[in-house]
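For our numbering, add 178 to where a residue sits in the sequence shown, where the first one is 1.
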Amino acid sequence: MADNRAFVMGHPIAHSRSPMLHGYWLKQLGIEGSYEKLDIAPEAIAAFFADFHAQGWIGGNVTVPHKTAVIPYLDRIDADAAAMGAVNTLYWDEGALVGGNTDSLGFLGNLDELIPDWQNGAKRAVVIGAGGAARAAVYGLLQRGLEVAICNRTAAKAAALAQHFDAKPKAYGLEAMGDLLENCDLLVNATSLGMVNQPPMDFDLTRLKPSAIVYDVIYVPLETALLQAAKAKGHRTVDGLGMLLHQGTVGFAHWFKQRPEVSAPLRALLVEDIRAKTPGA
Ligand code: NAP
Numbered sequence: 179m180a181d182n183r184a185f186v187m188g189h190p191i192a193h194s195r196s197p198m199l200h201g202y203w204l205k206q207l208g209i210e211g212s213y214e215k216l217d218i219a220p221e222a223i224a225a226f227f228a229d230f231h232a233q234g235w236i237g238g239n240v241t242v243p244h245k246t247a248v249i250p251y252l253d254r255i256d257a258d259a260a261a262m263g264a265v266n267t268l269y270w271d272e273g274a275l276v277g278g279n280t281d282s283l284g285f286l287g288n289l290d291e292l293i294p295d296w297q298n299g300a301k302r303a304v305v306i307g308a309g310g311a312a313r314a315a316v317y318g319l320l321q322r323g324l325e326v327a328i329c330n331r332t333a334a335k336a337a338a339l340a341q342h343f344d345a346k347p348k349a350y351g352l353e354a355m356g357d358l359l360e361n362c363d364l365l366v367n368a369t370s371l372g373m374v375n376q377p378p379m380d381f382d383l384t385r386l387k388p389s390a391i392v393y394d395v396i397y398v399p400l401e402t403a404l405l406q407a408a409k410a411k412g413h414r415t416v417d418g419l420g421m422l423l424h425q426g427t428v429g430f431a432h433w434f435k436q437r438p439e440v441s442a443p444l445r446a447l448l449v450e451d452i453r454a455k456t457p458g459a
């Protein structure tokens, strides 16, 4: 058994691509260690944490449905997890088991990598959605100083999300989209619309400011109908795969003490896997 053992825990977990990602970096960096998939049912969480020390885990990822359920078992959560209200990464800090959240760093890292000058003149963002992905996007964009509007099918959820942030972003229902698009520098789809087996995101982009960037957090398929429509209109676009890859670098650095890189071969590996498992992706 390797000493450096990390994990991803969820239920179900078979679909997770995190082992592929971390396995690639372990091999590439020549680090002795492992990253294991753990299917932990909700009723098994207490036993998992009771045994955590004895198992010698150096940390891991937490995914659906455990992102808030793990919190009572931790010594503390960090500022990012507190802002997000959810934990996706566990790591040790001076003997304390800490819960963090790397989704907003992943969201921004992807944008910074694919469009390095995206902040030149960018003032206003519109984030569609009010779930976990939207919260990560809003948090990241507010940290970078953008004015953010949150638009969601259920307007009350957009308003509730806005309340979590000191900057108190404005919140709307989807009917406000048309007007918001005219002054929007960055449009983000953070809903599940457009994901495989979900209806497409079919907003009319006619009124979208021509210089606007369109970012879809979905990565299955890699190019959603929204991104196709945006490209056809000449907008610069960002897909969601890099968000997954960049968020992974943060956890990996906590556990294995080296910051890995998001590289073209790594991206190609994930693209190949997505295409193999999702016809038409
Ligand atoms: P979530 O918490 O369940 O939120 C889903 C959001 O989608 C809600 O705002 C919901 O609106 C909206 N929605 C769902 N169906 C809709 C419909 N038919 N019409 C309009 N809005 C609809 O999910 P999440 O965790 O935020 O994830 C959202 C997406 O982001 C997923 O596709 C996920 O795979 C992706 N994601 C990607 C990454 C990455 O690393 N790239 C990371 C996290 C998530 P209501 O509030 O009205 O229900």
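Positions of the beta carbon are idealized from the N, C-alpha and C atoms, including for glycine.
Quick caveat, the model's predicted, so the values are computed rather than measured.
Its chain contains Ala303 as the residues whose beta carbon lies nearer than 6 Å to that of Leu324, once the 5 sequence neighbours on both sides are disregarded; these appear in chain order.
Bounds of the alpha helix (DSSP H) holding Arg453 are Ala442 to Lys455.
When the Cα atoms are used, Pro347 and Ile209 turn out to be separated by approximately 43 Å. Using a cutoff of 7 Å, the CB of Thr415 does not count as near the ligand NAP, since none of the ligand's heavy atoms is closer than that. Counting along the chain, the unbroken beta strand (DSSP E) around Thr267 starts and ends at Thr267 to Asp271. Rounded to the nearest whole angstrom, the CA to CA distance from Met373 to Phe230 is 35 Å. Residue environment analysis places Asn266 among the buried positions, since at least 16 neighbouring C-beta atoms fall within 10 angstroms of its C-beta. Bridge pairing for Met187: Leu216 and Val240 [DSSP].
Going by C-alpha positions, Leu339 is about 25 Å away from Val428. At a Cβ-Cβ threshold of 8 Å, Leu364 and Tyr317 do not count as neighbours. Comparing C-alpha distances from Tyr251 to each of Tyr269, Asp281, Asn182 and Ala354 shows the shortest one belongs to Tyr269. Cβ contact annotation for Ser282 (same chain, cutoff 6 Å, sequence separation greater than five): Ala314, Tyr317 and Gly318, in chain order. At a cut-off of 7 Å, the beta-carbon of Lys455 does not count as near the ligand NAP: no heavy atom of the ligand is closer than that. The beta carbon of Ala300 is closer than 8 Å to those of Leu324, Asp363, Leu364 and Ile391 in its chain, skipping five residues each way along the sequence. Judged by DSSP in its simplified three-state form, Arg437 adopts coil rather than helix or strand.
If you draw a 10 Å sphere on the C-beta of Val242, you find fewer than 16 other C-beta atoms in it, and that means exposed. In this structure, Val392 has its beta carbon at no less than 7 Å from each heavy atom of the ligand NAP. Comparing alpha-carbon positions, the option among Phe434, Asp295, Leu320 and Gln206 lying closest to Phe343 turns out to be Leu320. Met198 sits exposed, since fewer than 16 C-beta atoms from the chains shown fall within 10 Å of its C-beta.
Measuring C-alpha to C-alpha distances from Leu286 to each of Ser196, Trp433, Gly426 and Ala410 identifies Gly426 as the nearest.
Rounded to whole angstroms, Asn279 and Ala259 show a C-alpha spacing of 5 Å.
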